[in-house]
Structure formats: C-alpha cells, structure tokens
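Numbering (numbering that gives the first Met the number 0), first residue to last: 0 to 391. Beta carbons: idealized from backbone N, C-alpha and C, even for Gly. Because the structure is a prediction, the values reported are computed rather than measured. To start, the structure itself, in structure tokens.
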Amino acid sequence: MIARSYPFGPVDGLEIDPMYARLRDDEPLARVKLPHGEEGWLLTRYDDVRLALGDPRFSLAQAAVRDTPRMGPQRIGAILTDLDPPDHTRLRRLLAHAFTVRRVEQLRAGAERIAGELLDEMEKAGPPADLVTAYAVPLPGLMVCDLLGVPYTDRDHFQDLAAAFMSITAMTDEEKLSRLGELAAYLSGLADQRREHQEDDLISALVVAQEEGDRLTADELVQLTVLLLGAGYDSTAAHIANSVYTLLQFPDQAELLRSNPELMPAAVEELLRWIPAQEISDILPRYALEDVELSGGTVQAGEPVLLAKHAANRDPRQYPDPDRFDVTRNAKGHLTFGHGPHHCIGAQLARMDLQVALTAILERFPALRLAGDVPWRTGMAMRGPLAMPVAW
Numbered sequence: 000m001i002a003r004s005y006p007f008g009p010v011d012g013l014e015i016d017p018m019y020a021r022l023r024d025d026e027p028l029a030r031v032k033l034p035h036g037e038e039g040w041l042l043t044r045y046d047d048v049r050l051a052l053g054d055p056r057f058s059l060a061q062a063a064v065r066d067t068p069r070m071g072p073q074r075i076g077a078i079l080t081d082l083d084p085p086d087h088t089r090l091r092r093l094l095a096h097a098f099t100v101r102r103v104e105q106l107r108a109g110a111e112r113i114a115g116e117l118l119d120e121m122e123k124a125g126p127p128a129d130l131v132t133a134y135a136v137p138l139p140g141l142m143v144c145d146l147l148g149v150p151y152t153d154r155d156h157f158q159d160l161a162a163a164f165m166s167i168t169a170m171t172d173e174e175k176l177s178r179l180g181e182l183a184a185y186l187s188g189l190a191d192q193r194r195e196h197q198e199d200d201l202i203s204a205l206v207v208a209q210e211e212g213d214r215l216t217a218d219e220l221v222q223l224t225v226l227l228l229g230a231g232y233d234s235t236a237a238h239i240a241n242s243v244y245t246l247l248q249f250p251d252q253a254e255l256l257r258s259n260p261e262l263m264p265a266a267v268e269e270l271l272r273w274i275p276a277q278e279i280s281d282i283l284p285r286y287a288l289e290d291v292e293l294s295g296g297t298v299q300a301g302e303p304v305l306l307a308k309h310a311a312n313r314d315p316r317q318y319p320d321p322d323r324f325d326v327t328r329n330a331k332g333h334l335t336f337g338h339g340p341h342h343c344i345g346a347q348l349a350r351m352d353l354q355v356a357l358t359a360i361l362e363r364f365p366a367l368r369l370a371g372d373v374p375w376r377t378g379m380a381m382r383g384p385l386a387m388p389v390a391w
C-alpha cells in the first residue's frame with residue numbers, strides 16, 4: 000500500500016481538510032508518511048481512536064526507542080508521555096494527589112477576577128484590540144501563576160520565561176531551549192522554598208504528595224511542573240482564542256449562550272468537540288504491542304498509529320450531524336483531552352478557564368465583532384489565531 004503524504008495540505012482558519020471525512024468513511028485505517036520517521040497508520044473513526052487511546056495493547060513508551068512518524072527532525076516527548084503503566088501510573092497518582100478538582104475550583108474566583116481586570120484594560124484602551132495578546136494569552140498565563148504559587152513580584156519574569164511555550168512567540172530553537180532551562184531552574188528554586196515553607200499552591204502539594212510512602216524526586220517534580228505549564232499555557236490560550244472566534248462566526252449561538260448562561264458548561268464541551276484544535280493528528284504516535292483488529296483492518300505488532308482526534312470528534316457514528324455547531328448538544332465523550340490512562344490531567348483547569356473567559360467576554364462586550372483579518376498559525380501543533388482584531 001502506497002502511503003499518503005501527511006499532513007494532507009494547508010487549510011484556512013478552523014477548517015478540516017475534507018480528506019479526513021473521506022478516509023473516515025472509506026479508509027479508516029490509512030497508511031501515511033510524515034516528513035520524518037517511519038510510515039504509520041492514521042485512525043479517523045471515533046471508536047478506533049478511543050480504543051487506541053485507552054487500550055494497553057498500544058504503547059507510548061515504545062515511541063522513545065523507535066523512529067517515530069513526526070513533523071520535525073527531533074522527537075517530541077515528556078516525562079508522562081514517554082511512559083506506560085505501571086511507571087506512568089505511579090507518577091499520575093502522585094500528580095493526582097496535588098492536582099485535584101477542589102484545587103481547580105478554588106482558582107475560579109481568581110480566574111474571574113483576572114478576566115475582569117484584563118477586560119477592564121481592553122475597555123479602557125478602547126477598540127480595536129488584539130484579543131490574543133490582550134486576553135487569550137495573559138489569562139491562562141496568570142492562572143498558571145496562581146496555580147503554581149508564583150509570587151507577584153516574579154510574575155513578569157516568570158511569564159517572560161514561559162513565553163518559550165507560546166507558538167506565537169518569535170524565538171529561535173536556541174532561545175527557547177535557553178528560556179526553558181531558566182524556567183526549570185526557577186521552578187526548582189521555588190520547589191526548594193516550598194520544602195521549607197509550604198503554601199496553598201500546586202508546588203507545595205507536589206512537594207508533599209505521596210502514594211504508599213513514595214514521593215516525587217526533585218527532577219520529577221520540576222519535569223511534571225514544566226509539562227503542566229506547557230500543556231496548560233499555549234493550548235488553553237489557543238482554545239480561548241479559537242472559542243471566541245467560533246462564537247463570532249455563529250452569532251445566533253453566542254446570543255443563545257449570552258441569554259442562557261447556564262448552558263456554558265455544555266457549550267464549552269461542544270467548542271472542544273467542534274474546533275479542530277490540532278492541525279494534524281495527535282503528535283504522539285502509539286505502537287501496537289500485538290496485532291490489533293480495528294475498523295479498517297489489522298494493525299500488526301510493532302506498527303505505529305496516529306490518532307486524528309479532530310476527525311473522530313466529527314464522526315457521525317458518534318455525533319449526529321457532527322459538522323453542525325450547537326451549544327445545546329451533549330458533546331461529552333469528545334476526545335480532545337484524550338481518553339484512558341493518558342487523559343489530560345489538566346482538563347478540568349482548561350474547562351474552568353474556558354468557562355470563565357467566555358462568560359466574562361460575552362457579558363462585557365455583547366456587540367463584540369471582528370475588526371480586521373485574522374492571521375493564523377501555520378505548521379504548529381496547536382491551531383489558532385496569531386492575532387484577532389476585535390471591536391465592540
């Protein structure tokens with residue numbers, strides 16, 4: 000079988016390449032070749048993608064020792080994503096002791112305050128404003144500072160270092176690596192402070208987290224914190240900008256949401272389902288540990304699969320009329336945050352950020368509208384606007 004070149008081609012804004020729908024219908028197990036690494040199988044149906052995300056017959060750890068299908072010359076990996084159970088389970092449990100639903104909900108009032116202050120600044124400066132730099136980026140950045148317990152006096156410096164995670168930041172690879180090294184050193188120092196004097200923040204909770212006497216090592220704590228920061232900063236900023244853009248494209252849905260704020264939790268799930276947040280499939284291939292039967296055939300042991308979660312989220316077998324954006328839909332079960340052991344541990348924080356961000360801006364600016372062309376990121380893992388000029 001001849002492998003298709005992947006990604007398939009450029010698309011505009013938040014469109015999905017029609018090739019995904021064709022493959023989902025006619026070739027749900029499609030051979031693809033990325034710019035680097037070996038060939039792999041692309042999965043596009045909901046049931047197949049969900050199975051590969053949660054089934055122990057598929058391994059993420061194998062990717063660390065294979066020539067994985069990938070976009071760039073260097074493989075992307077991290078402390079949690081390079082592990083399978085039981086090693087992954089150990090770290091996940093220790094992290095879960097600190098990263099609780101209660102802790103996330105404790106941050107809601109602070110998020111509402113930050114959102115209000117950012118919108119105050121936007122309103123004071125007057126239109127037009129760039130929603131990305133004025134709102135979508137600083138809101139999750141300041142939220143992460145609250146979560147980690149970064150002192151107010153350090154926040155400008157911390158966000159300058161954390162900018163290495165932002166896809167819209169014009170940095171060379173060398174500059175990003177340098178910033179990430181400084182960031183790791185800063186977080187290590189913050190953890191040392193919390194070992195001496197604990198606060199009510201995530202770093203302190205990670206310092207004391209234990210499971211049957213087991214604790215995180217100093218290196219593991221820093222690596223997990225950097226992972227959470229990377230996952231929660233750039234991706235949440237992109238989700239906020241993408242969600243506002245989508246609501247501006249569907250003013251009837253925005254008005255329905257403005258008039259019925261109790262719909263916001265369901266609307267956030269629908270936005271997460273409907274928006275193709277990733278330009279390509281999940282960037283972390285999984286390897287079959289044994290032969291696995293899927294919709295389109297058999298994935299043989301040792302072969303990698305790539306998971307098109309955005310295509311799975313539009314599978315009509317799972318969601319009736321899947322291309323229709325409907326804030327009243329029950330979109331629970333979408334795969335944007337994954338499924339199974341590697342389900343995004345920061346999903347609740349991202350949901351809360353989105354609920355707060357969208358509620359605040361819909362209330363503040365009922366006449367919000369685009370005030371110019373929207374340039375989009377290209378070639379990035381996360382899709383989203385580089386800038387979004389708005390007026391009200």
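- Per DSSP, the continuous beta strand (DSSP E) segment holding G39 begins and ends at 39 to 42.
- A direct Cα-Cα distance of roughly 28 Å separates P127 from C144.
- For F157, the closest C-alpha among the options R285, T171, L189, E173 is that of L189.
- Looking at the DSSP output, P388 sits in a beta bridge with D129.
- Under the DSSP assignment, G296 falls outside any alpha helix (DSSP H), being part of the beta strand (DSSP E) whose first and last residues are 296 to 298.
- Taking 8 Å as the cut-off, the beta carbon of L22 is found no closer than this to the beta carbon of G337.
- If you draw a straight line from the Cα of L41 to the Cα of D290, it is about 16 Å long.
- Distance from the Cα of R44 is smallest, within the candidate group A60, L369, A29, for A29.
- For M381, the beta-bridge partners assigned by DSSP are Q277.
- Burial check for T152: the Cβ neighbour count within 10 Å stays below 16, so the residue is exposed.
- With contacts defined by Cβ atoms closer than 8 Å, A276 and N241 form a contacting pair.
- Three or more Cβ pairs drawn from the stretch 237 to 252 and the stretch 135 to 142 lie within less than 8 Å of each other, which places the two stretches in contact.
- If you look at R285, you'll find it in the beta strand (DSSP E) that goes 285 to 287.
- Positions of the beta strand (DSSP E) runs, each at least 3 residues long and wholly inside the stretch 131 to 211, cannot be given because no such run exists.
- Between L271 and T335, the C-beta spacing is below 8 Å.
- Counting C-beta pairs with one atom in each stretch, the stretch 87 to 106 and the stretch 306 to 316 have fewer than three that are closer than 8 Å, which means they do not touch.
- Between P284 and P68 a beta carbon distance of about 5 Å is seen, short of the 8 Å cut, so the two are scored as contacting.
- Listed in chain order, the alpha helix (DSSP H) runs fully inside the stretch 89 to 117 are 100 to 105, counting runs of at least 4 residues.
- For the 8 Å CB-CB criterion, A2 and V31 form a contact.
- Nearest C-alpha to A287 among S294, Q299, G295, L385: Q299.
- Close CB contacts of S203 within its chain, under the 7 Å cut and outside five residues either way in sequence, are with G148, R193, Q197 (chain order).
- As a beta-bridge residue in DSSP terms, H35 pairs with R69.
- Per DSSP, V326 lies in no alpha helix (DSSP H) segment and is marked neither H nor E.
- Leaving aside the five residues that flank H333 on each side, the residues in its chain whose CB is nearer than 7 Å to its CB run, in chain order, E268, L271, R272, N312.
- Counting along the chain, L293 sits inside the beta strand (DSSP E) bounded by residues 291 to 293.
- Closest option to D233, judged by alpha-carbon separation, among E181, G345, S187: G345.
- Linking P303 to M381 through their CA atoms gives a straight-line distance of about 22 Å.
- Membership of L50 in the alpha helix (DSSP H) is indicated by the continuous run 45 to 53.
- Between M263 and Q354, the C-beta spacing is below 8 Å.
- Take the alpha-carbon of D129 and the one of L369: they are about 10 Å apart.
- Separation of the CB atoms of H341 and L59 is rounded to 7 Å, and the pair is thereby assigned contact status at 8 Å.
- DSSP, read as helix, strand or coil, puts A2 in coil.
- Sorting V243, L228, P6, D218 by C-alpha distance to the C-alpha of G71 places P6 at the top.
- V304: member of the beta strand (DSSP E) spanning 303 to 306, first to last residue.
- Taking the Cβ atoms as the reference, M351 lies roughly 24 Å from L160, outside the contact range of under 8 Å.
- Following the DSSP letters along the chain, one finds Y19 inside the alpha helix (DSSP H) bounded by residues 17 to 25.
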